[in-house]
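A short worksheet on the structure shown next.
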């Protein structure tokens, strides 16, 4: 039986420390002067010191550097600056994560450490190597948090920080978000700078609240207006049409995972968050005689990222072109595509076996579409399951609006429930 002792939980009924609250709430309090960034940072560092030995979600913790940064944020607030993410403690993915965190620091975030990523020589990317060894899933220590943004997802899921950065080349933000029960946003490929010459990688973020992911998006996209603790994401004027697909026409997800994601989709449709496009068969796709399907993107993805795999170049180009056409046609007639995020529950630390956890995500790294994973519920093993929402290119704002409305139906998603590590 897995060990589920509640070593990271707070006392029942207690209020979470401010560092475990939403990023938007923290920033609002720091801007208002009801709490200092130094106090938030101190609390976050204390929480990491107490709880991360069990998680191993951080590869490095920058105590002095973080406190110095927090003092600078307090000075900027005292000088009258309006910082949208004032005093928010964040984790950055990997030891070089600060290179892409400039806009977040300018907005007032305080980086407290580098989150874990897979170790050198790892043949698979679905785990992390932190200060104390392998990174564990905050819901079950015998399971991986997913990867490669492993530590970021685990740290957010356990309430060590409200926001952590990631990047997503095949699902590396969305899969760990699904497996750790948090929100994971991948932006449109090419929207922000990346060092990936293949163009598959896109920046992303892991949070517990959709409003925090929206605050990240606003800062990274150049909208520096402070967010308020109240929902600040513009609502869709009407429920957007959405198509449900359990497998994209080629994958073979576990039935238990499909059932949880499907049930969440039904709840969203019943609550009016989305309008499923086929009214006669509301849980099918638009064309019930010729269901929407993509070609398996694996050969095309591997041709770009792993040339040694030596897939046929002609076949890879064909797959990408076919999928691009089918997705363009899809988003001409509907606003969202909904799927499970990962085809399996989180696997053990021995490895994933012969199944790609990326089966339902990496098609959208090839196509470049923005996508978000939100918690859908729990599987029979007690691990979280993610619901994957995909939108047309450049439609992050609409994607976040629907996800925030979904949070009101499926949530709240808080670290207070992470009691099983």
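Residue numbers (the numbering used here): 966 to 1386.
Even for Gly, the Cβ is constructed at its ideal location relative to N, Cα and C.
Measuring CA to CA, which of 1010, 1016, 1289, 1229 is closest to residue 1030? 1010
Please classify residue 1294 as buried or exposed, where buried requires at least 16 neighbouring CB atoms within 10 angstroms. exposed
CB-CB under 6 Å to residue 1357, same chain, minus the five flanking residues each way: which ones, in chain order? 1296
For the candidate residues 1007, 1183, 1163, 993, whose alpha-carbon lies nearest to that of residue 1170? 1183
If you measure between the beta carbons of residue 1374 and residue 1232, is that distance less than 7 Å? yes
Could you tell me the boundaries of the alpha helix (DSSP H) in which residue 1128 lies? Premise fails: residue 1128 lies in the beta strand (DSSP E), 1128–1133, not in any alpha helix (DSSP H).
Residue 1369 classed as buried or exposed, judged by whether at least 16 other C-beta atoms fall within 10 angstroms: buried
Which listed residue (1097, 1024, 1043, 1306) has its alpha carbon closest to that of residue 1150: 1306
Going residue by residue through the stretch 1103–1158, where are the continuous beta strand (DSSP E) segments of at least 3 residues, counting only ones entirely within it? 1128–1133, 1148–1151
According to DSSP, residues forming a beta bridge with residue 1023: 1080
Just verifying my parser: in three-state terms, what is the DSSP assignment at residue 1099? strand
Consult DSSP for residue 1172 and reduce its assignment to one of helix, strand or coil. strand
Given 8 Å as the limit, is there contact between the stretch 1097–1106 and the stretch 989–997, that is, 3 or more CB pairs closer than that? no
Kindly indicate the opening and closing residues of the beta strand (DSSP E) around residue 1343. 1336–1343
For residue 1341 and residue 1157, I'd like the C-alpha separation in whole angstroms. 28 Å
Determine the extent of the alpha helix (DSSP H) in which residue 1269 is found, giving its start and end residues. 1263–1270
Give me whichever residues DSSP pairs with residue 1056 in a beta bridge. 1078, 1129
Three CB pairs or more closer than 8 Å across the stretch 1074–1088 and the stretch 1050–1061: yes
Cutoff 6 Å; reference residue 1372; Cβ partners in own chain excluding five residues on either side: 1175
Using CA atoms only, rank isn't needed, just tell me which of 1135, 1339, 1016 is closest to residue 1089. 1135
Going along the chain, which residues of its own chain have a beta-carbon closer than 7 Å to the beta-carbon of residue 1163, five neighbours each way excluded? 1269, 1270
Taking the beta strand (DSSP E) that residue 1350 falls in, what are its first and last residues? 1349–1356
So which of 1006, 1018, 1289 has the shortest CA-CA distance to residue 1101? 1018
Would residue 1003 pass as an interface residue toward chain B - the criterion being a Cβ-Cβ separation below 7 Å? No chain B appears in the structure shown, which is made up of a single protein chain.
Based on the DSSP output, what are the partners of residue 1313 in its beta bridges? 1108
Going by C-alpha distance, which of 1122, 1325, 1361 is nearest residue 1172? 1122
Excluding five sequence neighbours on each side, which residues of the same chain lie with their C-beta closer than 8 Å to the C-beta of residue 1204? 1237, 1238, 1239, 1240
Report yes if the C-beta distance between residue 1355 and residue 1324 is below 7 Å; otherwise report no. no
Which same chain residues end up closer than 6 Å to residue 1084 when comparing Cβ atoms and leaving out the 5 residues on each side of it in sequence? 1094
Where does residue 1302 sit, in a helix, a strand or coil, going by DSSP? strand
Quick one: is residue 1168 buried, meaning 16 or more other Cβ sit within 10 Å of its Cβ, or exposed? buried
Buried versus exposed call for residue 1160 [16 or more other C-beta atoms within 10 Å across all chains shown]: exposed
Throw me the rounded Cβ distance for the residue 1127 and residue 1177 pair, which I believe falls under 8 Å. 6 Å
Report yes if the CB atom of residue 1214 is closer than 7 Å to the CB atom of residue 1259, and no otherwise. yes
Mark residue 1012 as exposed unless 16 or more other C-beta atoms lie within 10 angstroms of its C-beta, in which case mark it buried. buried
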